[in-house]
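In what follows, a structure is listed as structure tokens, so that the remarks can point back to it.
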Amino acid sequence: MLKVCILGGGFIGRFYAESLIGRRGKDEVKVVYARREETALRFSKDYNVPYYFTDMEAAIAHPETEVVVIGLPNNIHEEAVNLCVKHKKSVLCTKPLGRNAEEALRMTKACEEAGVFAGYLEDLCYTPKFLKSLKSVKSGAIGRILWAKSRETHPGPHSDWFWDIEKAGGGAVLDLGCHCIEIARNFIGKDIKPVEVMCWADTQVKPIDAEDHAIGLVKYENGAIGQFEVSWTFRGGMDLRDEVMGTEGTIWVNSFLRTGFEMFTTGAGEGGYVAEKAESSSGWQFPVGDEAHELGYPTMFNDMFDAIEQKREPLETFYDGYVVNAIIDAAYKSAKTKLWEPVELPEWRGQTGLTKPSVYTEYDAEHWFIKDEILPNGDKKVILKNKETKEIVEKVSLS
Numbered sequence: 206m207l208k209v210c211i212l213g214g215g216f217i218g219r220f221y222a223e224s225l226i227g228r229r230g231k232d233e234v235k236v237v238y239a240r241r242e243e244t245a246l247r248f249s250k251d252y253n254v255p256y257y258f259t260d261m262e263a264a265i266a267h268p269e270t271e272v273v274v275i276g277l278p279n280n281i282h283e284e285a286v287n288l289c290v291k292h293k294k295s296v297l298c299t300k301p302l303g304r305n306a307e308e309a310l311r312m313t314k315a316c317e318e319a320g321v322f323a324g325y326l327e328d329l330c331y332t333p334k335f336l337k338s339l340k341s342v343k344s345g346a347i348g349r350i351l352w353a354k355s356r357e358t359h360p361g362p363h364s365d366w367f368w369d370i371e372k373a374g375g376g377a378v379l380d381l382g383c384h385c386i387e388i389a390r391n392f393i394g395k396d397i398k399p400v401e402v403m404c405w406a407d408t409q410v411k412p413i414d415a416e417d418h419a420i421g422l423v424k425y426e427n428g429a430i431g432q433f434e435v436s437w438t439f440r441g442g443m444d445l446r447d448e449v450m451g452t453e454g455t456i457w458v459n460s461f462l463r464t465g466f467e468m469f470t471t472g473a474g475e476g477g478y479v480a481e482k483a484e485s486s487s488g489w490q491f492p493v494g495d496e497a498h499e500l501g502y503p504t505m506f507n508d509m510f511d512a513i514e515q516k517r518e519p520l521e522t523f524y525d526g527y528v529v530n531a532i533i534d535a536a537y538k539s540a541k542t543k544l545w546e547p548v549e550l551p552e553w554r555g556q557t558g559l560t561k562p563s564v565y566t567e568y569d570a571e572h573w574f575i576k577d578e579i580l581p582n583g584d585k586k587v588i589l590k591n592k593e594t595k596e597i598v599e600k601v602s603l604s
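This is the structure:
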């Protein structure tokens, strides 16, 4: 059994509590910290948490705290991590790890040098559909991965600090792109080095200093491409979708919004909360059966706590959060320069020196293979390239 301290009594802190209580059946939330006393007290009552604080260090240092879960604004992450290091408490930090790669690397090294367990709470890399997809990818079911695309869009985040560029560190790219980038990294291979980024970002709707909409491309050393689409301007709820294309197949995943649960209501009855970022409680609704589960939270905490007990790394580490931050830094630079910008990774722990695999597959001694297909009349056509003349030719086998 692990005794948990949650830092942050707001939206994400409550999601974490919902995911922890009664899931593994042996872990307990014993301590909560919130910046406002009324928030801490309400959280304590709602989740039967015996100790609540408005002093962050007191919460972390409390004898009933074994594992600290950080659900705080981005600008407080490093302070909280350093306090965990000071008091030798295992730490799990929500995404993004830092406001930039420099912050993220400092946090990563601080934990490593102190021997403190550190896990990166990237929930969307623990959703049931994602994990099943990743298993298929790793088994080779869709061949060599060429392109991985992830999309997260909704009408905007739930708390004031997200909209403050100094506190948050950025806009939709940092808030949502961190999910999408790490999803693509998993599909392509987390040991494959991201080399450069091209990003368009703009402030289209919201009266803020950060971007509310962005699209980016991330090139990897092995020739694969990652793509992210993020927005705080999308109307209609929260849209989470992934696509993966390989040499032998394709995967499409819809994790939220349109997942097979649809309901129409005139608005009669009590109404209220439908699903995260839902914009209306009348008309066509798209509820989610078990929201925390579908977003990956319980599976994420299971992996984190099992990793602590088994003295191994979790699936998502602080180092992963650092790499994601480095890619985002390059994306922000690209959005300003309108150029491909290199990903600066002074601390890279994966493979190096990779090149794009050859696109040539031999058909016979004279030809390279391009494609084959069955025509409507049953004939089989093969399209080839002559190795010597470079001529494109086709062969047809009659049905």
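Taken in order, the sequence shown gives residues 206 to 604; the numbers are from my numbering. Using N, Cα and C, we set each Cβ at its ideal position, and we do this for glycine too. All values reported here derive from a predicted model rather than from experimental measurement.
- Rounded to the nearest angstrom, the Cβ distance from Val493 to Phe461 is 7 Å, consistent with a contact under 8 Å.
- The beta-bridge partner set that DSSP reports for Ala406 consists of Ala419.
- Taking a contact to require three or more Cβ pairs closer than 8 Å, the stretch 543-560 and the stretch 319-332 do not qualify as touching.
- Here Ser485 is exposed, its C-beta having fewer than 16 other C-beta atoms within 10 Å.
- Residue pairing from DSSP leaves Thr332 without any beta-bridge partner.
- Distance from the Cα of Pro278 is smallest, within the candidate group Tyr537, Met443, Leu379, for Leu379.
- Taking C-alpha positions only, Glu448 is separated from Arg349 by approximately 14 Å.
- Runs of alpha helix (DSSP H) with 4 or more residues, each lying fully within the stretch 215-298, are found at 216-225, 242-251, 261-266, 282-291, listed in chain order.
- Non-local C-beta neighbours of Ala377 in its own chain, meaning closer than 7 Å and more than five positions away in sequence, comprise Glu416, Asp417, His418, Ala419, Val435, Ser436, Trp437, ordered along the chain.
- For Ser539, the uninterrupted alpha helix (DSSP H) segment begins and ends at 523-542.
- Taken through DSSP and simplified to helix, strand or coil, Leu580 comes out as coil.
- Taking the Cα of Val528 as reference, the smallest distance to any Cα among Lys595, Asp495, Asn391, Ile588 is reached at Asn391.
- With fewer than 16 neighbouring CB atoms inside 10 Å of its own CB, Glu571 falls in the exposed class.
- One thing to note: Val296 has its Cβ within 7 Å of the Cβ of Ala323.
- By the criterion of a C-beta distance shorter than 8 Å, Met206 is surrounded in its chain by Lys231, Asp232, Glu233, once the five residues flanking it on both sides are discounted.
- Between the stretch 257-274 and the stretch 287-295, the count of C-beta pairs closer than 8 Å reaches three or more; the two stretches touch.
- Judged by their CB atoms, Val237 and Ser249 are nearer to each other than the 7 Å cut-off.
- For Thr504, the enclosing alpha helix (DSSP H) starts and ends at 502-515.
- Of all alpha-carbon atoms in Tyr425, Asp251, Gly441, the one lying nearest the alpha-carbon of Pro562 is that of Tyr425.
- Nearest C-alpha to Met505 among Leu212, Gln432, Phe220, Gly454: Phe220.
- Collapsing the DSSP output to three states places Phe469 in a strand.
- Residue pairing by DSSP places Glu567 opposite Trp573 in a beta bridge.
- The C-alpha of Ser344 lies about 22 Å from the C-alpha of Pro399.
- Under a 10 Å Cβ-count criterion, Leu580 is classified as exposed, with fewer than 16 other Cβ atoms of the shown protein chains found around its own Cβ.
- According to the DSSP assignment, Phe433 belongs to the beta strand (DSSP E) that extends over 430-436.
- For Glu596, the closest alpha carbon among the candidates Leu603, Phe574, Asp534, Gly583 is that of Phe574.
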